[in-house]
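Participant: After the structure tokens below, expect a handful of questions from me.
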Amino acid sequence: MGSNSKSSIRPARILTALATAFVTALPLAVATTPAQAAPAAADVVPRIDLRVLVITDGGDTTDAIASELRSQGIPYTTVNLSASGRPVINEAFLSDTVDGRPRAKFQGVVMSNDNPFGSADSPELAALKAYETTYKIPQVDAYTYARPDVGLRTPDEGGYAGVLDGFATRTTDAGKAGPFGYLKGAVPFEDADPKVSESYGYIAQPVANPPAGATFTTYLDAAVPGGPARGSLIGEYAHDGRRELVVTFAQNRYQQQFRLLARGIVDWLTQGVHLGQSRNYFSVQVDDIFAPDSRWDTKNNCTPGDFDCPPGVPDTAQIRMTEADAAYAAQWQRDRGYQLDLVYNAGSGEEWKAEHGGVDALADRLLADRSAYRWVNHTYTHPFLGCVQDTSTVPWRCAKDWFGQTRWVSRSEITAEIEKNHAWGVAKGLDVDASELVTGEHSGLKSTPQQPQDNPNLAPALTATGVKWLASDNSRESAQRQAGPALTVPRYPMNVFYNAATAAEETDEYNWIYTSKADGGSGICETDPNSTCLPAPLPTSTGYTSYIVPLEARTALGHALANDPRPHYIHQSNLAEDRIAYPVLDKVLADYRGFFAADTPVLNQRHRDIGREMQQRAAWQKALDAGSVTAYRIGDTVTITSPAGVAAAATMPDGTRTQLPNGTVDFGTRYAGRVSEWATAQSPGAAITLKLPTTA
18 MGSNSKSSIR PARILTALAT AFVTALPLAV ATTPAQAAPA AADVVPRIDL
68 RVLVITDGGD TTDAIASELR SQGIPYTTVN LSASGRPVIN EAFLSDTVDG
118 RPRAKFQGVV MSNDNPFGSA DSPELAALKA YETTYKIPQV DAYTYARPDV
168 GLRTPDEGGY AGVLDGFATR TTDAGKAGPF GYLKGAVPFE DADPKVSESY
218 GYIAQPVANP PAGATFTTYL DAAVPGGPAR GSLIGEYAHD GRRELVVTFA
268 QNRYQQQFRL LARGIVDWLT QGVHLGQSRN YFSVQVDDIF APDSRWDTKN
318 NCTPGDFDCP PGVPDTAQIR MTEADAAYAA QWQRDRGYQL DLVYNAGSGE
368 EWKAEHGGVD ALADRLLADR SAYRWVNHTY THPFLGCVQD TSTVPWRCAK
418 DWFGQTRWVS RSEITAEIEK NHAWGVAKGL DVDASELVTG EHSGLKSTPQ
468 QPQDNPNLAP ALTATGVKWL ASDNSRESAQ RQAGPALTVP RYPMNVFYNA
518 ATAAEETDEY NWIYTSKADG GSGICETDPN STCLPAPLPT STGYTSYIVP
568 LEARTALGHA LANDPRPHYI HQSNLAEDRI AYPVLDKVLA DYRGFFAADT
618 PVLNQRHRDI GREMQQRAAW QKALDAGSVT AYRIGDTVTI TSPAGVAAAA
668 TMPDGTRTQL PNGTVDFGTR YAGRVSEWAT AQSPGAAITL KLPTTA
């Protein structure tokens, strides 16, 4: 989109390859008697390592669970049954003895179905059953056919087999009392594209006469079509001294129903005792506060003043919030119990004030309500801080000197823009932190294809001004990285465009980007590999409400449900005129609060805290990948060691305490029915010792 880089191009429709889960018939397994493992000595409590075993056939459902384990920071070992040279799953692979104590190498097992080995007589299946029985290890059957072998009737016995798109499933009382207690109950299955079958599965009822001692407890159920009965989609089958979580529907890591259920699946698998942690995050930063934004020209399909319009196109009226818009923002926050981050350009506001008789009612209202917001430095006048831009061509290019070298914005210019804006904020009593910075258009950082490297003057300017947390565009660089003394904080651009203040403008520009040339669009969607085209242009009178709002809210909520702390960003223009950002934000918050119980609130962090969270996660994952973390449970004691300087992420049952030399203290903060924290040892290299409650 040329220099219209404040909003990224994202797919207008769900990619079929990601959203579709097709099913083939699963092999029926015949129950066998587990092989007998050597019993542990009666007076020796075994050691259970805090690691998960994932046995996969390469399918989407085991991939989804593995992705959740990695997202939380839970160590796991994957065995791909189709890989040549894979390890054999036998007693030696699963357990051994350490310091004279029996050791279970895995605290839980995930399998693609209840018997992915292809034979009821498989020695590997027998070894797993014996291991699970001996050490009380739970097993998740990621997607299996409903039948008596897993405690269920077949679908033709009063159940259902077929597409589940749009089904209204719910957690049962047992589910809410157990692993899914963080949910209010409703778990709707997505129907993102009515033309595509996205999830297939089986709704089934427990067998009427289970084997002696066996029980089936349904955690997630749905109505059987055509009748009053309800059947299981997720349930626990306890039998033969083993526990299986039986999942009878296909899912993938991107589907909303999986994102809602993933926490509970992991909690059941680990019995609430595991490394790593998870929160649901949703932070929104509003850029260009005090500055006006350019407006989309619906006739010429470009943005005057933003380098993408041909010569002769007249300027459109700029977009800037009013005093009434500012008052509305403050009231909206109070009504929703939610706080926005205002990313401000004080110098642009001062210029506006000077051009309007020394009066700025917008600034007066925002400053009167200053304590209602968090404030982030966006530079004084929002200049481009990378290379000097040559705007004589579209798209722009980096200007060169007489020797053909790139001309860069100087260190002194960058430093002045940062310092002046921060000093203004301090003088006005804003809650602004010198360590946080968002440059205009994330400039200064590399921006391909025009500027493939950071401005070399950026790092020394950041050092001089004390910046430690620098915003970047997640659509360009999704990973946190070093930029001089600072670490980047990747931000999600919302597809509520910076140059639109009305629903009609937003929809018109959306059509230009996401429709084919044959339908009057730019055709970008036909050439960009990361985009797809709308089947037809959206009506400008209704398209925003009917299509764009639900899609953008779904995307943002998906980030929130994926344990992803990255903030989202919009612009002050989106809070002006039609105030088009609010319908998206309202739907995200309303949907979230409709799904989750009060003990699982959305976490709204400020810029620096998001940066620290990402920094800790990267260090933790690096330690896990290097195999330098050890964690295990013996009875009611958990022991964790990690490299010096690396905080350990851990999630434990409520009531867990940290052992100190002179006693114990409460461990962690409560979230979703568990407690978790980034724990540090009392001295470098020492172990962290946690005492579990006796009921765990």
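Each step along the sequence shown adds one to the number in our numbering, with nothing skipped, and position 400 is 417.
From the three backbone atoms N, C-alpha and C, an ideal C-beta is built for every residue, glycine too.
Source: prediction; values computed, not measured.
Between the alpha carbons of residue 42 and residue 181, how many angstroms are there, rounded?
Facilitator: Taking the first residue of the sequence shown as 1, we reach residue 42 at position 25. Taking the first residue of the sequence shown as 1, we reach residue 181 at position 164. Confidence at residue 42 is low in this model, with a pLDDT of 35, below 50, so its placement is unreliable and the value that follows should be read with caution. Those two C-alpha atoms are separated by around 16 angstroms.
Participant: Identify which residue in 445, 317, 356 and 420 has its Cα closest to the Cα of residue 380.
Facilitator: By one-based count along the sequence shown, residue 380 stands at place 363. Residue 380 has its Cα closest to that of 445, out of 445, 317, 356 and 420.
Participant: Since residue 249 is in the alpha helix (DSSP H), which residue starts that stretch and which ends it?
Facilitator: If you number the sequence shown from 1, residue 249 lands on position 232. No alpha helix (DSSP H) holds residue 249; the beta strand (DSSP E) holding it covers 247-256.
Participant: Rounded to the nearest angstrom, what separates residue 38 and residue 78 at their Cα positions?
Facilitator: If you number the sequence shown from 1, residue 38 lands on position 21. If you number the sequence shown from 1, residue 78 lands on position 61. With a pLDDT of 36 at residue 38, under the threshold of 50, the predicted position of this residue should be treated as unreliable, though the coordinate-derived value follows. The alpha-carbon atoms of residue 38 and residue 78 are separated by roughly 9 angstroms.
Participant: For the beta strand (DSSP E) containing residue 694, list its first residue and its last residue.
Facilitator: The count along the sequence shown starts at 1 and reaches residue 694 at position 677. Unbroken beta strand (DSSP E) run through residue 694: 691-696.
Participant: Give a yes or no on whether the C-beta atoms belonging to residue 263 and residue 169 are separated by under 8 angstroms.
Facilitator: Numbered from 1 along the sequence shown, position 246 holds the residue referred to as residue 263. Numbered from 1 along the sequence shown, position 152 holds the residue referred to as residue 169. Against a cut-off of 8 angstroms, the Cβ pair of residue 169 and residue 263 comes out as a contact.
Participant: Report, in whole angstroms, the separation of the C-beta atoms of residue 99 and residue 75, which I expect to be a contact under 8 angstroms.
Facilitator: Sequence index remark: in the sequence shown, residue 99 carries index 82 (1-based). Sequence index remark: in the sequence shown, residue 75 carries index 58 (1-based). Sure, about 6 angstroms apart at Cβ, within 8 angstroms.
Participant: Given that a residue counts as buried once 16 or more other Cβ atoms are within 10 Å of its Cβ, and exposed if not, what is residue 485?
Facilitator: Counted from its first residue, the sequence shown places residue 485 at position 468. Burial call: buried.
Participant: By Cβ distance below 6 angstroms, which residues in the same chain neighbour residue 561 in space, the five residues on each side in sequence not counted?
Facilitator: Taking the first residue of the sequence shown as 1, we reach residue 561 at position 544. Excluding positions up to five away in sequence, the list reads 520, 523 and 524.
Participant: Name the two residues that bound the continuous beta strand (DSSP E) containing residue 260.
Facilitator: Here residue 260 is taken as the residue at index 243 of the sequence shown, counted from 1. Taken as a continuous stretch (DSSP letters only), the beta strand (DSSP E) holding residue 260 covers 259-264.
Participant: Would you report the Cα separation of residue 473 and residue 127, rounded to the nearest angstrom?
Facilitator: Taking the first residue of the sequence shown as position 1, residue 473 is located at position 456. Taking the first residue of the sequence shown as position 1, residue 127 is located at position 110. So the two alpha carbons sit approximately 48 angstroms from each other.
Participant: Checking 8 angstroms against the spacing of the C-beta atoms, do residue 500 and residue 475 come in under that value?
Facilitator: Counting from one through the sequence shown, the residue named residue 500 turns up at place 483. Counting from one through the sequence shown, the residue named residue 475 turns up at place 458. Yes.
Participant: With three or more beta-carbon pairs closer than 8 angstroms as the criterion, would you say the region 622-641 touches the region 364-375?
Facilitator: No, they do not touch.
Participant: For residue 118 versus residue 61, is the C-beta spacing smaller than 8 angstroms?
Facilitator: Taking the sequence shown and counting its residues from 1, the one referred to as residue 118 is at position 101. Taking the sequence shown and counting its residues from 1, the one referred to as residue 61 is at position 44. Yes.
Participant: Measuring CB atoms only, is the region 647-662 touching the region 391-403, in the sense that at least three cross pairs come out at less than 8 angstroms?
Facilitator: No: fewer than three Cβ pairs fall under 8 angstroms.
Participant: Taking residue 13 as the reference, give the member of 246, 104 and 124 with the closest Cα.
Facilitator: The structure shown does not extend to residue 13, since the chain is modelled only from 18 to 713, so the question has no answer here.
Participant: Which term fits residue 229, buried or exposed, when burial requires 16 or more other beta carbons within 10 angstroms of its beta carbon?
Facilitator: On the sequence shown, position 212 is the one that residue 229 refers to. It counts as exposed.
Participant: Less than 8 angstroms between C-beta atoms, sequence neighbours within five positions excluded: which residues of the same chain meet that for residue 351?
Facilitator: Against the sequence shown, residue 351 aligns to sequence position 334. Once the five neighbours on either side are set aside, the close Cβ partners of residue 351 are 389.
Participant: Does the region 536-546 come close enough to the region 565-581 to have 3 or more Cβ pairs within less than 8 angstroms?
Facilitator: In short, these stretches do not touch, since the Cβ pair count stays below three.
Participant: Going by DSSP in three states, residue 40 sits in which element: helix, strand or coil?
Facilitator: Within the sequence shown, the letter at position 23 stands for residue 40. The predicted model places residue 40 with a pLDDT of 35, which falls under 50 and marks its position as unreliable, so this point remains unresolved.
Participant: If you draw a straight line from the alpha carbon of residue 286 to that of residue 266, how long is it in whole angstroms?
Facilitator: Within the sequence shown, residue 286 is the residue found at index 269, counting from 1. Within the sequence shown, residue 266 is the residue found at index 249, counting from 1. Straight-line Cα distance between these residues: approximately 18 angstroms.
Participant: Residues in its own chain within less than 6 angstroms of residue 502 by CB, not counting five upstream and five downstream?
Facilitator: For the purposes of this step, residue 502 is identified with residue 485 of the sequence shown, where counting begins at 1. Hits under 6 angstroms: 479 and 480.
Participant: Hey, out of 195, 415, 223 and 564, whose CA is closest to residue 689's CA?
Facilitator: What you label residue 689 is simply residue 672 of the sequence shown in a count that begins at 1. Nearest of 195, 415, 223 and 564 to residue 689, Cα basis: 195.
Participant: According to the neighbour-count rule (16 or more other Cβ atoms, all chains shown, within 10 Å of its Cβ), is residue 528 buried or exposed?
Facilitator: Your numbering for residue 528 matches position 511 in the sequence shown. Its Cβ being crowded by 16 or more others within 10 Å, residue 528 is buried.
Participant: Under the DSSP definition of a beta bridge, which residues are partnered with residue 303?
Facilitator: Here the question's residue 303 lines up with position 286 in the sequence shown. DSSP output for residue 303 lists 359 and 587 as bridge partner(s).
Participant: Does the distance from the CB of residue 583 to the CB of residue 516 come in under 8 angstroms?
Facilitator: Locating residue 583 in the sequence shown gives position 566, where the first residue counts as 1. Locating residue 516 in the sequence shown gives position 499, where the first residue counts as 1. No. Outside cutoff.
Participant: Identify, in the order they occur along the chain, each residue of the same chain with its Cβ nearer than 8 angstroms to the Cβ of residue 223, setting aside the five sequence neighbours on each side.
Facilitator: Translated into the one-based positions of the sequence shown, residue 223 becomes position 206. Once the five neighbours on either side are set aside, the close Cβ partners of residue 223 are 168, 169, 170, 233, 235, 249 and 252.
Participant: Helix or strand or just coil, what does DSSP make of residue 2?
Facilitator: As shown, the chain starts at 18 and ends at 713. That puts residue 2 outside it, with no answer to give.
Participant: Tell me the DSSP secondary structure of residue 128 in three-state form.
Facilitator: Indexing the sequence shown from 1 puts residue 128 at position 111. Looking at residue 128 - three-state DSSP - the assignment turns out to be strand.
Participant: Label residue 677 either buried or exposed according to how many other C-beta atoms from any shown protein chain fall within 10 Å of its C-beta, with 16 as the threshold for buried.
Facilitator: Within the sequence shown, residue 677 is the residue found at index 660, counting from 1. Exposed is the call here.
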